[in-house]
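Asker: Residue numbering for the sequence shown follows the numbering used here, starting at 1 and increasing by one per position.
Dropping the structure in here first, questions after.
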Amino acid sequence: MPRILLLGGSGILGLEVLRILQNEHLEYVAPISTDLDIRDKDQLFRFVSELKPEWIINCAAWTNVDGAESSFEEATEINTKAVGNIGIAADLFGYKVVHISTDYVFDGETSEPYSEISSAHPLNKYGETKLQGETALLAVLPSAYVIRTSWLYGISGKNFVKTIAGKALRSEEAKVVDDQIGSPTSARDLASGILSILRIQPEPGIYNYSSSGSCSWFELAQKIYEIVGAHQALVQPISSNSLNSLTKRPKFSLLSKEKWISAGLSEVPNWEDSLQLMLPEIISESR
Ligand SMILES: NC(=O)c1ccc[n+]([C@@H]2O[C@H](COP(=O)([O-])OP(=O)(O)OC[C@H]3O[C@@H](n4cnc5c(N)ncnc54)[C@H](OP(=O)(O)O)[C@@H]3O)[C@@H](O)[C@H]2O)c1
Numbered sequence: 001m002p003r004i005l006l007l008g009g010s011g012i013l014g015l016e017v018l019r020i021l022q023n024e025h026l027e028y029v030a031p032i033s034t035d036l037d038i039r040d041k042d043q044l045f046r047f048v049s050e051l052k053p054e055w056i057i058n059c060a061a062w063t064n065v066d067g068a069e070s071s072f073e074e075a076t077e078i079n080t081k082a083v084g085n086i087g088i089a090a091d092l093f094g095y096k097v098v099h100i101s102t103d104y105v106f107d108g109e110t111s112e113p114y115s116e117i118s119s120a121h122p123l124n125k126y127g128e129t130k131l132q133g134e135t136a137l138l139a140v141l142p143s144a145y146v147i148r149t150s151w152l153y154g155i156s157g158k159n160f161v162k163t164i165a166g167k168a169l170r171s172e173e174a175k176v177v178d179d180q181i182g183s184p185t186s187a188r189d190l191a192s193g194i195l196s197i198l199r200i201q202p203e204p205g206i207y208n209y210s211s212s213g214s215c216s217w218f219e220l221a222q223k224i225y226e227i228v229g230a231h232q233a234l235v236q237p238i239s240s241n242s243l244n245s246l247t248k249r250p251k252f253s254l255l256s257k258e259k260w261i262s263a264g265l266s267e268v269p270n271w272e273d274s275l276q277l278m279l280p281e282i283i284s285e286s287r
């Protein structure tokens with residue numbers, strides 16, 4: 001396997017990619033954001049021209065969905081401009097790119113899973129910056145791979161599964177929205193998926209990847225309470241409207257994995273199976 005540059009290796013997803021790179025003894029470099037700030041085009045170009053990676057895996061992003069509403073410029077720097085620059089650098093030096101995007105490029109006004117060619121129409125600024133990032137990348141580097149995923153959770157960083165597991169362990173109440181439907185996705189499963197792209201090198205372009213099956217955030221929280229052995233009655237359903245959030249989120253963001261499966265890429269496990277496997281590790285790492 002060739003030399004890999006991993007960006008965002010300290011994040012929820014990046015940490016799982018890093019684990020695989022280490023476990024499989026692959027040749028990689030994973031600079032932290034203070035060593036390589038992807039917003040700095042000169043630094044980025046210098047870094048990649050010296051390193052000469054065959055692949056760039058970009059897990060770096062502005063992921064604060066609510067924060068992007070008030071800090072649109074800052075989010076754009078990372079999610080759009082830097083991604084375009086990664087594409088320009090990769091094109092210039094002949095590197096391949098895998099970039100991660102989101103189900104939040106869609107508005108959720110459907111009841112059918114979104115395919116890679118469904119029209120994107122983000123409801124919030126974060127989704128806008130991510131959609132523009134995909135476009136910027138593919139415009140300069142049509143050979144790039146863009147993986148759209150959803151509801152990521154893992155060991156590192158702040159994420160819903162970790163937060164709710166903490167509440168369940170403390171037998172606290174959790175009020176959780178029951179009117180947004182999606183697929184919780186284990187960062188570990190997606191990390192294997194990214195590596196399968198490197199191995200198989202299917203047709204370039206956009207690919208959806210999330211767990212199979214679907215649930216609401218409320219059902220996900222209930223499942224976490226069940227696995228932890230806490231009373232499920234402590235989880236109460238609420239509506240998105242009751243949160244009075246200024247950030248709109250899609251009510252339905254299921255992603256079709258047909259293209260992924262047809263390309264012979266990695267397994268697409270059921271969300272409940274993956275959660276069952278990951279939760280004990282998430283809990284023990286948070287202690
Ligand atoms: N989390 C989700 O539910 C979700 C859902 C769908 C799609 N996604 C997408 O999946 C990908 C991974 O998300 P994640 O949840 O793993 O993200 P995350 O945990 O928030 O991690 C983000 C990573 O980006 C790095 N980063 C941020 N700004 C940077 C900069 N200017 N230069 C270099 N690195 C920078 C961070 O490094 P520092 O910590 O050092 O700043 C961190 O390693 C993203 O593209 C995200 O949009 C996430």
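Don't be surprised by glycine CBs; every beta carbon is placed ideally from N, CA and C.
Please identify the residue among Ile-56, Leu-21 and Asp-66 whose C-alpha is closest to the C-alpha of Asn-244.
Answerer: In the sequence shown, residue 244 corresponds to position 244, counting from 1. The shortest Cα separation from Asn-244 among Ile-56, Leu-21 and Asp-66 belongs to Asp-66.
Asker: Using 8 Å as the Cβ pair cut-off and three pairs as the minimum, do the stretch 252-263 and the stretch 103-113 touch?
Answerer: yes
Asker: If you count every other CB in all the chains shown that lies within 10 Å of the CB of Leu-36, and 16 or more means buried, which is it?
Answerer: Looking up residue 36 in the sequence shown gives position 36. Counting Cβ neighbours within 10 Å, Leu-36 comes out buried, since at least 16 surround it.
Asker: What first and last residue would you give for the beta strand (DSSP E) that runs through Asn-23?
Answerer: Within the sequence shown, residue 23 is the residue found at index 23, counting from 1. For Asn-23, there is no enclosing beta strand (DSSP E); the residue is found in the alpha helix (DSSP H) stretching over 12-23.
Asker: Is the Cβ-Cβ distance between Arg-148 and Asn-208 less than 8 Å?
Answerer: Start at 1 with the first residue of the sequence shown, and residue 148 comes out as number 148. Start at 1 with the first residue of the sequence shown, and residue 208 comes out as number 208. Cβ atoms of Arg-148 and Asn-208: closer than 8 Å.
Asker: Hey, how far is the Cα of Ala-221 from the Cα of Met-278?
Answerer: Position 221 of the sequence shown, counted from the first residue, corresponds to residue 221. Position 278 of the sequence shown, counted from the first residue, corresponds to residue 278. Whole-angstrom Cα-Cα distance: 15 Å.
Asker: Could you give the residue range of the beta strand (DSSP E) that holds Tyr-145?
Answerer: For the purposes of this step, residue 145 is taken as residue 145 along the sequence shown, with counting starting at 1. Looking at the DSSP string, the run of the beta strand (DSSP E) that includes Tyr-145 is 145-149.
Asker: Cα separation between Gln-132 and Ser-115?
Answerer: For the purposes of this step, residue 132 is taken as residue 132 along the sequence shown, with counting starting at 1. For the purposes of this step, residue 115 is taken as residue 115 along the sequence shown, with counting starting at 1. Cα-Cα distance, rounded: 18 Å.
Asker: Return the residue from the list Pro-237, Ile-38 and Arg-188 that minimises the CA-CA distance to Gln-180.
Answerer: Here residue 180 corresponds to residue number 180 of the sequence shown, with the count starting at 1. Residue Pro-237 is the option with its Cα nearest to Gln-180.
Asker: Under the DSSP definition of a beta bridge, which residues are partnered with Ser-186?
Answerer: The residue you call residue 186 lines up with position 186 of the sequence shown. Answer is Tyr-153.
Asker: On the criterion of 16 or more Cβ atoms from any shown chain inside 10 Å, does Gly-94 qualify as buried, or is it exposed?
Answerer: The residue you call residue 94 lines up with position 94 of the sequence shown. Exposed, by the Cβ-count rule.
Asker: For Leu-51 and Val-98, what's the separation of their Cα atoms in angstroms?
Answerer: Locating residue 51 in the sequence shown gives position 51, where the first residue counts as 1. Locating residue 98 in the sequence shown gives position 98, where the first residue counts as 1. Computed Cα separation, rounded: 17 Å.
Asker: Taking 7 Å as the cut-off, is the C-beta of Ala-89 nearer than that to any heavy atom in ligand 1?
Answerer: Locating residue 89 in the sequence shown gives position 89, where the first residue counts as 1. No, the beta carbon of Ala-89 sits no closer than 7 Å to any heavy atom of ligand 1.
Asker: When you compare the CB positions of Ser-266 and Gly-193, do they come within less than 8 Å of one another, or not?
Answerer: Taking the first residue of the sequence shown as position 1, residue 266 is located at position 266. Taking the first residue of the sequence shown as position 1, residue 193 is located at position 193. Contact flag set, yes.
Asker: Could you have a look at Val-83 and say whether DSSP puts it in helix, strand or coil?
Answerer: Here residue 83 refers to the residue found at position 83 when the sequence shown is read from its first residue. Helix.
Asker: Does the beta carbon of Leu-13 fall short of 7 Å from some heavy atom of ligand 1?
Answerer: For the purposes of this step, residue 13 is taken as the residue at position 13 of the sequence shown. The answer is yes for Leu-13.
Asker: Check for me: the beta strand (DSSP E) holding Gln-297 runs from which residue to which?
Answerer: Given that the chain is displayed from residue 1 to residue 287, the structure contains no residue 297 and the question cannot be resolved.
Asker: What separation, rounded to the nearest whole angstrom, lies between the Cα atoms of Ala-230 and Ala-82?
Answerer: Walking along the sequence shown from the start, residue 230 turns up at place 230. Walking along the sequence shown from the start, residue 82 turns up at place 82. Their Cα atoms are separated by approximately 43 Å.
Asker: Please find out if some non-hydrogen atom of ligand 1 comes closer than 7 Å to the beta-carbon of Thr-149.
Answerer: Position 149 of the sequence shown, counting from 1, holds the residue named residue 149. For ligand 1, at least one heavy atom lies less than 7 Å from the Cβ of Thr-149.
Asker: Is Ile-32 near ligand 1 - that is, is its Cβ less than 7 Å away from at least one heavy atom of it?
Answerer: Here the question's residue 32 lines up with position 32 in the sequence shown. Yes - ligand 1 has a heavy atom lying nearer than 7 Å to the Cβ of Ile-32.
Asker: Ignore the nearest five residues each way along the sequence and tell me which others in Gly-157's own chain have a CB closer than 7 Å to its CB.
Answerer: The sequence position of residue 157 within the sequence shown is 157, counting from 1. Result list for Gly-157: Gly-11 and Ile-12, in chain order.
Asker: Output needed for Asp-107: all residues of its chain with C-beta closer than 8 Å, excluding positions within five of it in sequence on either side, in chain order.
Answerer: For the purposes of this step, residue 107 is taken as residue 107 along the sequence shown, with counting starting at 1. The residues are His-121, Pro-122, Leu-123 and Pro-250.
Asker: Mind checking whether the beta-carbon of Thr-102 lies closer than 7 Å to any heavy atom of ligand 1?
Answerer: Locating residue 102 in the sequence shown gives position 102, where the first residue counts as 1. Thr-102 Cβ: within cutoff of ligand 1.
Asker: Span of the alpha helix (DSSP H) holding Ser-274?
Answerer: The residue labelled residue 274 in the question sits at position 274 within the sequence shown. Per DSSP, Ser-274 is one residue of the alpha helix (DSSP H) stretching across 271-286.
Asker: Trp-62 to Leu-6, Cα distance in whole Å?
Answerer: Along the sequence shown, one-based indexing puts residue 62 at 62. Along the sequence shown, one-based indexing puts residue 6 at 6. When rounded, the distance between both Cα atoms is 16 Å.
Asker: Are the stretch 130-144 and the stretch 166-186 touching by the rule of at least three beta carbon pairs closer than 8 Å?
Answerer: no
Asker: Using the three-state DSSP reduction, which class does Gly-302 fall into: helix, strand or coil?
Answerer: Only positions 1 to 287 of the chain appear in this structure, which leaves residue 302 out of reach.
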